[in-house]
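The C-terminal residue of the sequence shown carries number 444 in numbering that gives the first Met the number 0, and the numbering is unbroken.
Notes follow once the structure below has been shown.
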Amino acid sequence: MSSVLVNERNHLVFAGQDVVRLAEQFGTPLYIYDEELLRANARAYRNSLAETYPPAKGRIYYAAKAFFTQAMAQLIAQEGLGLDVVSGGELATALWAGVDPQDIIFNGNNKSVDEMTAALHYGVGRFVIDSLTEIEVLDDLAGRMRRRPDVLVRVNPGVEAHTHEYVQTGITDCKFGLGATDGMALAAVDSILASTNLQLVGFHCHIGSQIFELDAYRTAVNAMAAFIKQVNLATGYFPAELDLGGGLGIRYTDNDQKMEISVAVALMSSAVKQVFQDKGWELPYLILEPGRSIVGEAGLAVYRVGVVKNIPGARTYVAVDGGMSDNPRVALYNSQYEAVVANRVRSDLRQTVTIAGKCCESGDLLAKDIELGPVQRGDLVAVFSAGAYQYSMASNYNRIPRPAVVMANHAGADLIIKRETYADLLKSDIVPERFCARQEHVVGL
Numbered sequence: 000m001s002s003v004l005v006n007e008r009n010h011l012v013f014a015g016q017d018v019v020r021l022a023e024q025f026g027t028p029l030y031i032y033d034e035e036l037l038r039a040n041a042r043a044y045r046n047s048l049a050e051t052y053p054p055a056k057g058r059i060y061y062a063a064k065a066f067f068t069q070a071m072a073q074l075i076a077q078e079g080l081g082l083d084v085v086s087g088g089e090l091a092t093a094l095w096a097g098v099d100p101q102d103i104i105f106n107g108n109n110k111s112v113d114e115m116t117a118a119l120h121y122g123v124g125r126f127v128i129d130s131l132t133e134i135e136v137l138d139d140l141a142g143r144m145r146r147r148p149d150v151l152v153r154v155n156p157g158v159e160a161h162t163h164e165y166v167q168t169g170i171t172d173c174k175f176g177l178g179a180t181d182g183m184a185l186a187a188v189d190s191i192l193a194s195t196n197l198q199l200v201g202f203h204c205h206i207g208s209q210i211f212e213l214d215a216y217r218t219a220v221n222a223m224a225a226f227i228k229q230v231n232l233a234t235g236y237f238p239a240e241l242d243l244g245g246g247l248g249i250r251y252t253d254n255d256q257k258m259e260i261s262v263a264v265a266l267m268s269s270a271v272k273q274v275f276q277d278k279g280w281e282l283p284y285l286i287l288e289p290g291r292s293i294v295g296e297a298g299l300a301v302y303r304v305g306v307v308k309n310i311p312g313a314r315t316y317v318a319v320d321g322g323m324s325d326n327p328r329v330a331l332y333n334s335q336y337e338a339v340v341a342n343r344v345r346s347d348l349r350q351t352v353t354i355a356g357k358c359c360e361s362g363d364l365l366a367k368d369i370e371l372g373p374v375q376r377g378d379l380v381a382v383f384s385a386g387a388y389q390y391s392m393a394s395n396y397n398r399i400p401r402p403a404v405v406m407a408n409h410a411g412a413d414l415i416i417k418r419e420t421y422a423d424l425l426k427s428d429i430v431p432e433r434f435c436a437r438q439e440h441v442v443g444l
C-alpha cells in the first residue's frame with residue numbers, strides 16, 4: 000500500500016514493530032494483527048452509532064467469522080461490542096474466552112441440534128432464524144428445555160449489492176434467509192408468533208460483503224420497512240429490533256475506495272431514523288454486524304521466498320512458504336492484493352511478479368501481476384489487508400500446518416495462535432489394527 004512505514008534498516012514496520020524481527024522471532028508464514036488498529040476500528044463503530052442513533056437504542060456485534068480466537072473475543076468484549084457467531088465452534092470459543100452469553104447472537108443457515116441445544120443451555124442473547132425448519136426444531140428444543148429464547152427472522156430483502164456473486168447474501172436466490180416477497184418470511188413470523196417457546200424480537204438482513212456503494216444500505220432499509228408494514232398489516236406485530244448485518248468494504252489495493260466507518264454508520268442510522276419517523280413508527284433497537292471492516296486492514300501476512308522463477312515471454316513467479324492453505328480468497332474470489340519485500344521495502348527498481356503458494360494446485364496464487372521490488376530466495380514478502388477471511392478459512396490442504404498468529408502493538412507482540420506442527424496434523428488420525436501399519440517415531444519432523 001502507498002502509506003507503508005519503513006524504518007532506518009529499510010524494513011517494513013507494522014503495528015509499531017519491525018516485521019523482519021517478528022518473522023525471525025516467530026517464523027513464517029506469520030499473520031500479524033495490529034491491536035491498536037483493531038481497537039480503533041471497534042471504537043469507531045461503537046462511537047459512531049452512539050453519536051448518530053438514540054442512546055441505548057443500538058449496539059455493534061462483531062462478526063466472528065472474519066477472524067476469531069479467544070484473544071480476539073476478549074478484545075472485542077473489552078471494547079464493548081457483542082459477538083455474532085455462526086457455529087458451535089465460534090460459540091465455544093466465545094464462551095471459553097469468558098464472553099457473556101447474553102452478548103452473543105447465534106446466526107447461521109443450518110444450525111445443528113447439538114449447536115442449538117448448547118446455545119439454549121448457555122442462554123445466548125438471540126437466535127437468528129434462517130428457515131422454517133429451524134423454527135420447528137428450535138421450538139421443540141426450547142419447549143423440552145423450558146427456555147424461551149429471543150429470535151430474529153433473517154429476511155432476504157431482494158437487494159443486490161454490487162459485489163462478488165459469492166458474497167451477495169440479500170438477493171432472492173440465496174441459501175441464507177427467508178424471502179420478503181415470496182411469503183416465506185411472513186410464514187416464519189406467523190409460526191413464531193404462534194409458538195409459546197419462542198419470542199420474536201425483530202428482523203435481520205445482510206445484503207453482502209465488500210460493499211462500497213453505501214446507498215445499498217438505504218435500499219435495504221426501505222425494503223425492510225416495506226416488509227415490516229406487510230407483517231404489521233397481516234399480524235399486528237411490530238419489531239422491537241432491526242439488524243442490518245455488516246458488509247462494509249475495505250481497501251485491498253490502492254485502487255479500492257477508502258470507506259470511513261463513521262460515514263457508513265451515519266448513513267445507516269439516518270436511513271433507519273428517516274424511514275421509521277416518516278411512517279410514525281417507534282425507532283427499533285438497531286444492530287450492526289461488522290467483521291471485515293474491523294480486522295481486514297489490521298492484518299498482515301508475512302511469507303519467506305523459496306523460489307523465483309522467470310518464464311521468458313510469460314511471467315515471473317515468486318513462490319513463498321504459504322499459499323491457498325492459509326489464504327484461499329484469490330482462488331475463491333479472484334481477490335487482488337498488494338505486497339512489498341519486507342526486508343528491503345524501498346527500491347527504485349520494480350518488476351511485475353505473481354506471488355505463488357506452495358500448494359500442489361495451479362490456482363494457488365496470493366497476488367497476481369503486482370509491482371514488487373527486486374526479490375530473491377530468502378527474502379520476506381508481506382501481503383497487506385490480510386486480516387479477514389484468510390486465517391479463518393485456512394485449511395491443511397497438502398497436509399500443510401497452519402501458520403502462527405501474533406497480536407502486536409508499539410510495546411511488543413504476543414502469540415495468540417501457535418504454529419501447527421506435524422504432530423497436530425496427525426493427532427486425529429486413526430489407523431485400524433487390520434492395516435498392520437508400523438508406526439515408528441519419525442525423527443526430524
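Here a beta-carbon is modelled for each residue, glycine too, at the ideal position from N, C-alpha and C.
Indicate whether the contact test is met: 3 or more Cβ pairs, each with one atom in the stretch 306-320 and one in the stretch 346-364, closer than 8 angstroms. yes
Cα-Cα, which of Q73, T218, F202 is closest to F237? Position 238 of the sequence shown, counted from the first residue, corresponds to residue 237. Answer by Cα proximity: F202.
DSSP puts R153 in a beta bridge; with which residues? As a first step, residue 153 must be located in the sequence shown, where it is residue number 154. DSSP lists H203 as partners of R153.
Of the listed residues A263, R143, I293, nearest to A387 (C-alpha basis): Looking up residue 387 in the sequence shown gives position 388. It is I293.
Can you tell which of Q69, L80, V3 has the C-alpha that lies nearest to the C-alpha of H40? Residue mapping note: residue 40 aligns to position 41 of the sequence shown, counting from 1. Reading the sequence as shown, one finds Asn at residue 40 and not His. Of the listed residues, the one whose Cα sits closest to N40 is L80.
Hey, how far is the Cα of G279 from the Cα of E89? For the purposes of this step, residue 279 is taken as the residue at position 280 of the sequence shown. For the purposes of this step, residue 89 is taken as the residue at position 90 of the sequence shown. Those two C-alpha atoms are separated by around 39 angstroms.
Just curious, the beta strand (DSSP E) that Y447 is in, first and last residue? No answer is possible for residue 447: the residues shown for the chain start at 0 and end at 444.
Just the Cα atoms here: how many angstroms apart are T162 and D347? Walking along the sequence shown from the start, residue 162 turns up at place 163. Walking along the sequence shown from the start, residue 347 turns up at place 348. Unreliable placement is indicated for T162, whose pLDDT of 47 sits below 50; the coordinate value is still reported in the next sentence. Their Cα atoms are separated by approximately 35 angstroms.
With DSSP collapsed to three states, give me the class of L408. The residue labelled residue 408 in the question sits at position 409 within the sequence shown. Looking at the sequence itself, residue 408 is Asn, so the reference to Leu does not match. Strand at N408.
To the nearest angstrom, how far is the alpha carbon of D253 from that of E296? As a first step, residue 253 is located in the sequence shown; it is residue number 254 there, counting from the start. As a first step, residue 296 is located in the sequence shown; it is residue number 297 there, counting from the start. Taking the straight line from one Cα to the other gives about 12 angstroms.
What residues match up with A366 in a beta bridge as DSSP calls it? Translated into positions along the sequence shown, residue 366 becomes position 367. BP columns for A366 point to I354.
Extract the residue ranges of the alpha helix (DSSP H) inside the stretch 190-251, only unbroken runs of 4 or more that lie entirely within it. 214-234
For the alpha helix (DSSP H) containing K308, list its first residue and its last residue. Taking the first residue of the sequence shown as 1, we reach residue 308 at position 309. Judged by DSSP secondary structure, K308 falls outside any alpha helix (DSSP H) and instead within the beta strand (DSSP E) spanning 298-309.
Counted within 10 angstroms of its Cβ, other Cβ atoms place F434 as buried (16 or more) or exposed: Locating residue 434 in the sequence shown gives position 435, counting from the first residue. Per the 10 Å Cβ criterion, exposed.
Can you tell me whether T116 is helix, strand or coil according to DSSP? Within the sequence shown, numbered from 1, the residue matching residue 116 stands at position 117. T116 falls in the helix class under three-state DSSP.
Specify whether the stretch 267-287 and the stretch 58-69 touch according to this definition: at least 3 beta carbon pairs, one from each stretch, less than 8 angstroms apart. These segments touch.
Name the residue from L151, Q209, F105, V18 whose alpha carbon lies nearest to the alpha carbon of L241. Here residue 241 refers to the residue found at position 242 when the sequence shown is read from its first residue. Among L151, Q209, F105, V18, the Cα nearest to that of L241 belongs to L151.
Beta-carbon proximity of D325 to R303, cut-off 8 angstroms: Residue 325 sits at position 326 when you count from the first residue of the sequence shown. Residue 303 sits at position 304 when you count from the first residue of the sequence shown. Taking 8 angstroms as the Cβ cut-off, D325 and R303 do not qualify as a contacting pair.
Consult DSSP for V85 and reduce its assignment to one of helix, strand or coil. Start at 1 with the first residue of the sequence shown, and residue 85 comes out as number 86. Coil, per DSSP.
Range of the contiguous beta strand (DSSP E) that encloses I103: Residue 103 sits at position 104 when you count from the first residue of the sequence shown. Here the beta strand (DSSP E) through I103 covers 103-105.
Can you tell me whether N155 is buried or exposed? The criterion is at least 16 other CB atoms within 10 Å of its CB, across all chains shown. Locating residue 155 in the sequence shown gives position 156, counting from the first residue. By the Cβ-count criterion, N155 is buried, with 16 or more other Cβ atoms from all chains shown falling within 10 Å of its own Cβ.
Endpoints, the beta strand (DSSP E) within which T512 is located: Lying outside 0 to 444, the shown extent of the chain, residue 512 is not represented and no answer is given.
What residues in its chain sit with their C-beta under 6 angstroms from that of N108, if we drop five residues either side in the sequence? Start at 1 with the first residue of the sequence shown, and residue 108 comes out as number 109. Excluding positions up to five away in sequence, the list reads D129, K174, F175.
Beta strand (DSSP E) containing L282: first to last residue? Working through the sequence shown from its first residue, we reach residue 282 at position 283. L282 -> no beta strand (DSSP E), and no H or E assigned at all.
For Y388, the three-state DSSP class (helix, strand or coil): If you number the sequence shown from 1, residue 388 lands on position 389. In this structure, Y388 counts as coil in the three-state DSSP scheme.
The stretch 241-251 in contact with the stretch 19-32 per 3-pair CB rule at 8 angstroms: Two segments are said to touch when three or more pairs of C-beta atoms, one from each, lie closer than 8 angstroms; by this definition the stretch 241-251 does not touch the stretch 19-32.
Can you say whether T92 is buried or exposed, counting buried as having 16 or more other CB atoms within 10 angstroms of its CB? As a first step, residue 92 is located in the sequence shown; it is residue number 93 there, counting from the start. Answer is buried; the Cβ neighbour count reaches 16.
Using the DSSP secondary-structure output, state which residues sit across from V380 in a beta bridge. Looking up residue 380 in the sequence shown gives position 381. Paired residues: Y302, V340.
Rounded distance between the beta-carbons of L414 and N395, thought under 8 angstroms: Translated into the one-based positions of the sequence shown, residue 395 becomes position 396. Translated into the one-based positions of the sequence shown, residue 414 becomes position 415. Not a contact, Cβ separation roughly 20 angstroms.
Rounded C-alpha distance that separates G305 from C204: One-based indexing of the sequence shown puts residue 305 at position 306. One-based indexing of the sequence shown puts residue 204 at position 205. So the alpha carbons of these two residues sit roughly 45 angstroms apart.
Alpha carbon to alpha carbon, how far is E35 from E78? One-based indexing of the sequence shown puts residue 35 at position 36. One-based indexing of the sequence shown puts residue 78 at position 79. One C-alpha to the other measures close to 12 angstroms.
For S194, count neighbouring C-beta atoms within 10 Å of its own C-beta (all shown protein chains included) and say buried if the count is 16 or more, exposed if not. Position 195 of the sequence shown, counted from the start, is the residue given in the question as residue 194. It is buried - the Cβ of S194 has at least 16 other Cβ atoms within 10 Å.
For S2, count the other beta carbons within 10 Å of its own beta carbon; 16 or more makes it buried, fewer makes it exposed. Which is it? Stepping through the sequence shown from its first residue, residue 2 is reached at position 3. When all chains shown are included, S2 counts as exposed.
Among V112, S208, N231, P373, nearest to K308 - alpha-carbon criterion: Along the sequence shown, one-based indexing puts residue 308 at 309. Considering only V112, S208, N231, P373, the residue with the shortest C-alpha distance to K308 is P373.
When you compare the CB positions of V158 and A219, do they come within less than 8 angstroms of one another, or not? Taking the sequence shown and counting its residues from 1, the one referred to as residue 158 is at position 159. Taking the sequence shown and counting its residues from 1, the one referred to as residue 219 is at position 220. Their beta carbons are under 8 angstroms apart, which means V158 touches A219 by this criterion.
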